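Top to bottom, those sequences are chains A and B.
Take the first sequence: its letter number 206 is residue 206 in this note's numbering, and every next letter is one higher.
Take the second sequence: its letter number 38 is residue 283 in this note's numbering, and every next letter is one higher.
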Amino acid sequence: MADEEKDNQQTEKPAGPAKPVPPAPAPPGEPKAAVPKPPPPPGAKPAAPAAPPKPKGPQQEPWSSPLVDAIKEKFGGEFIKSYSFIGQNQIEVKKDRIAEIMTFLRDNTIVPFNYLVDETAVHWPKDEQFEIVYILYSFPKNEHVRVKTRIKEFEEIESVVSVWTTADWLEREVYDMFGVRYANHPNLKRILLPEDWVGYPLRKDYNIRLQDVEWVRKHLGIDSGQKFYVGEARHEDTGYITPSG
Amino acid sequence: MSTKETLFDTSEITVSMGPQHPSTHGVLQVKLKLDGERVLDAECVIGYLHRGVEKLGEAQTYGQFVPTLDRMDYIAAVSNCLGFCETIEKLLGVTAPPRAQYIRVIMTELNRITSHLLWLGTHALDIGAMTVFLYAFREREEILKIFENYCGARLTTHMFRIGGTQYEIYDGFQDQVRTFINDFPKKVDEYETLLTENRIWLERTRGVGVLSAKDAIDLGVTGPALRGSGVEWDIRKAKPYAVYPDFQFDIPVGEHGDTYDRYMVRIQEMRQSARIVSQGIEKIPDGPLMAKMSKIIKPPIGDIYHSIEAPKGELGYYVVSDGSTQAYRTRVRPPSFVNLQALRKMVAGHMVADVVAIIGTLDIVLGEIDR
Numbered sequence: 001m002a003d004e005e006k007d008n009q010q011t012e013k014p015a016g017p018a019k020p021v022p023p024a025p026a027p028p029g030e031p032k033a034a035v036p037k038p039p040p041p042p043g044a045k046p047a048a049p050a051a052p053p054k055p056k057g058p059q060q061e062p063w064s065s066p067l068v069d070a071i072k073e074k075f076g077g078e079f080i081k082s083y084s085f086i087g088q089n090q091i092e093v094k095k096d097r098i099a100e101i102m103t104f105l106r107d108n109t110i111v112p113f114n115y116l117v118d119e120t121a122v123h124w125p126k127d128e129q130f131e132i133v134y135i136l137y138s139f140p141k142n143e144h145v146r147v148k149t150r151i152k153e154f155e156e157i158e159s160v161v162s163v164w165t166t167a168d169w170l171e172r173e174v175y176d177m178f179g180v181r182y183a184n185h186p187n188l189k190r191i192l193l194p195e196d197w198v199g200y201p202l203r204k205d206y207n208i209r210l211q212d213v214e215w216v217r218k219h220l221g222i223d224s225g226q227k228f229y230v231g232e233a234r235h236e237d238t239g240y241i242t243p244s245g
Numbered sequence: 246m247s248t249k250e251t252l253f254d255t256s257e258i259t260v261s262m263g264p265q266h267p268s269t270h271g272v273l274q275v276k277l278k279l280d281g282e283r284v285l286d287a288e289c290v291i292g293y294l295h296r297g298v299e300k301l302g303e304a305q306t307y308g309q310f311v312p313t314l315d316r317m318d319y320i321a322a323v324s325n326c327l328g329f330c331e332t333i334e335k336l337l338g339v340t341a342p343p344r345a346q347y348i349r350v351i352m353t354e355l356n357r358i359t360s361h362l363l364w365l366g367t368h369a370l371d372i373g374a375m376t377v378f379l380y381a382f383r384e385r386e387e388i389l390k391i392f393e394n395y396c397g398a399r400l401t402t403h404m405f406r407i408g409g410t411q412y413e414i415y416d417g418f419q420d421q422v423r424t425f426i427n428d429f430p431k432k433v434d435e436y437e438t439l440l441t442e443n444r445i446w447l448e449r450t451r452g453v454g455v456l457s458a459k460d461a462i463d464l465g466v467t468g469p470a471l472r473g474s475g476v477e478w479d480i481r482k483a484k485p486y487a488v489y490p491d492f493q494f495d496i497p498v499g500e501h502g503d504t505y506d507r508y509m510v511r512i513q514e515m516r517q518s519a520r521i522v523s524q525g526i527e528k529i530p531d532g533p534l535m536a537k538m539s540k541i542i543k544p545p546i547g548d549i550y551h552s553i554e555a556p557k558g559e560l561g562y563y564v565v566s567d568g569s570t571q572a573y574r575t576r577v578r579p580p581s582f583v584n585l586q587a588l589r590k591m592v593a594g595h596m597v598a599d600v601v602a603i604i605g606t607l608d609i610v611l612g613e614i615d616r
């Protein structure tokens, strides 16, 4: 791990003409003692990208199809954009009429998406938003599409269980892990975690370590031995743990 | 209850089956609502084995996360590994060299055989045919020995790396695999003599847990369970990955969607996997094992979904990258989780003893359901 970090830092540097002399290789046995590095700030991820991302690499390409045109025509204001990334087609829509859009995607005759492969969420705390991702597949046309929509914290989104029965457990899992609330879901309760669990683990502000310490203390009555960082505290109302000092 | 109950009245009772029940294949709890011995409704309680794999994926680098995935479907760890490595390769725009691709296909198909053998043994044991279990484990052991020789581990193998494979095949690998594969069809015949026309087996599996093709698609059921319902769909053919287009194989399908058809589909799949391995072992190309790529894996910003045909069904990975060495979000689309959802529909109206058969026929692994 220590070697990997070191490699990483070397590759991070822009390859200037006058390359600085690389640091002397650490003597075997004591790799850490050789180069006194400043200790990383608490909670910081290793190897945060310092340089701005390179423009090369795959980009979003505009994508359109008869189906996209049909959605635009039928749900004009709901449609945001459609694009293709590494050959995978994606449609972004607004959340208000999501169940209608999904019903249309399932029942249309152009590309009938009769199979909901997966439904999941991604948390973007900077925008206070959850991105709900629906991955659809069409058996007749052998095609995939990803439909994305965004909701804000404490907003509800329409359930698609009435469209595909698969969504039942998938939406329960999203609720369990992200706290996203679905309207008109037949049985919205936690699925993987116990009913009395506090917080939503896959949110970015959820601290696993503190959760572990508390669980061990409560259920086993011992100290788990995990190290704390200064300032970690549980929020009184929401139960979320914030790493900020 | 206002009506007066007598000794001979029947009333609905609720029975909790599991999580320590031997035929639930792990820590699955099924709450059954019964009228006498007939099942009215069922509810699955899962999560006893939850380890937060998706959260771990956000806290580890891409390379570090791969061994963790072997702990999901520990019966078919090779498939888990292949799926994730291919997902990240797709995002990076890297292709593994042909030699690595062939080794991957051979290992994945051998793993499919072990997974189906374990299913066959335990499923038959649940229904009461004990001998098959001993036969199936005899052959499974041979494959696990090959895995052990190749990478040192039998179950949680971590065979592949992002960009190729780590290990060169060992001396005598081809002979060992060839010997096994040449004998294997005869072994499958042996299992079939024990079950396929066995009257008790037919009584216990025909017409049990029927799932129509329409329901199967609506419930998102994939893998042998979907093909048992007569839908000829296999990701290896529909959306080919690795070097599967180079191989000749058929997709076995059932007709009625009952437990017997799913049994036949898996039996045929083992034969087809053996066919793929026997083709692959003869034409492993020479060349490097790893693609030329940076040791620090930093995929471009974006998201990707890639799925493979795991022994249990469609195993998908949805990865969101923020351009750093760690994934922003890793989502696993586990086949067992989605397939188990069909249990409620399949058990309704059947006897309690059939619930055991239906759990077996879905071929679930709780490590993958709970993650």
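We put the beta carbon where it would ideally sit given N, CA and C, even for glycine.
These numbers come from a predicted model, not from an experiment.
By the CB criterion at 9 Å, Met352 (chain B) and Phe310 (chain B) fall outside the cutoff. Here the alpha carbon of Glu299 (chain B) sits roughly 11 Å from the alpha carbon of Glu613 (chain B).
A direct Cα-Cα distance of roughly 16 Å separates Ile603 (chain B) from Gly499 (chain B). Leu136 (chain A) counts as buried, since no fewer than 16 other beta carbons sit within 10 angstroms of its beta carbon.
Listed as beta-bridge partners of Cys289 (chain B) by DSSP are B:Val275. A check of alpha carbon separations from Glu155 (chain A) across A:Ala70, A:Ser82, A:Val180 and A:Leu116 identifies A:Val180 as the nearest. For Arg574 (chain B), the residues of chain A that pass the 7 Å Cβ criterion are Val122, in the order they occur in the chain. Residue state for Val522 (chain B) is assigned as helix, using DSSP reduced to three classes. Nearest CB-CB separation between Gly57 (chain A) and chain B: below the 9 Å threshold. Think of a sphere of 8 Å around the beta carbon of Lys335 (chain B): the chain A residues whose beta carbon falls inside it are Ile86, in chain order.
Secondary structure note for Trp124 (chain A): its beta strand (DSSP E) is the uninterrupted segment Tyr115 to Trp124. Taking 4 residues as the minimum length, the alpha helix (DSSP H) runs contained wholly in the segment 60-100 of chain A are 66-74, in order along the chain. Within its own chain, the residues whose Cβ lies closer than 6 Å to the Cβ of Ile348 (chain B), once the five positions on either side in sequence are excluded, are Thr410, listed in chain order. Within the same chain, and ignoring the five residues on either side of Asp96 (chain A) in sequence, no residue has its Cβ closer than 6 Å to its Cβ. For Thr332 (chain B), the secondary structure class from DSSP, reduced to helix, strand or coil, is helix. A direct Cα-to-Cα measurement between Gly373 (chain B) and Ile110 (chain A) gives close to 49 Å.
Those residues of the segment 180-193 of chain A placed with their C-beta closer than 7 Å to a C-beta in chain B are Ile191, Leu192 and Leu193, ordered along the chain.
Annotation: Cβ neighbours of Ile135 (chain A) in chain B (cutoff 8 Å, chain order): Tyr550, Gly561, Tyr563 and Arg578. Contacts with chain A (Cβ-Cβ distance below 8 Å) from the segment 287-302 of chain B involve Ile291, Gly292, His295, Gly297, Glu299 and Lys300, listed in chain order. Per DSSP, the beta bridge partners of Arg146 (chain A) are A:Gln90 and A:Ile135. Between Glu334 (chain B) and Ala341 (chain B), the beta carbon gap of about 6 Å places them in contact (Cβ cut-off 8 Å).
Short of 6 Å from the beta carbon of Lys557 (chain B), and not among the five residues preceding or following it, lie these beta carbons of its own chain, in chain order: Gly468, Pro580, Ser581 and Asp608. At a cut-off of 9 Å, the C-beta of Val583 (chain B) has a neighbouring C-beta in chain A.
For Leu314 (chain B), there are no neighbours in chain A by C-beta distance under 7 Å, as the nearest C-beta there is about 16 Å away. Judged by DSSP in its simplified three-state form, Ala458 (chain B) adopts helix.
For the pair Pro201 (chain A) and Met177 (chain A), the CB atoms are nearer than the 9 Å cut-off. Gly373 (chain B): not part of any alpha helix (DSSP H); DSSP gives it neither H nor E. Identification of residues in the segment 451-479 of chain B having a C-beta nearer than 7 Å to some C-beta of chain A yields Ile462, Asp463, Leu464, Gly465 and Trp478, given in sequence order.
Taking 9 Å as the cut-off, the beta carbon of Ile391 (chain B) is found closer than this to the beta carbon of Leu355 (chain B). With respect to chain B, the C-beta atom of His144 (chain A) has a partner C-beta closer than 9 Å. Counting every other CB atom within 10 Å of its CB across the protein chains shown gives His219 (chain A) a total below 16, marking it as exposed.
Proximity of Ala593 (chain B) to chain A, defined by a Cβ-Cβ separation below 9 Å, is not satisfied. Distance between Ser138 (chain A) and Leu210 (chain A), taken at the CA atoms: about 43 Å. Exclusion of the five residues before and after Arg616 (chain B) leaves His295, Arg296, Val298, Glu299, Met317, Val577 and Pro579 as the residues of its chain whose Cβ lies within less than 7 Å of its Cβ. The shortest CA-to-CA distance from Tyr563 (chain B) to any of B:Gln571, B:Ser552, B:Ser569 and B:Thr570 is the one to B:Ser552.
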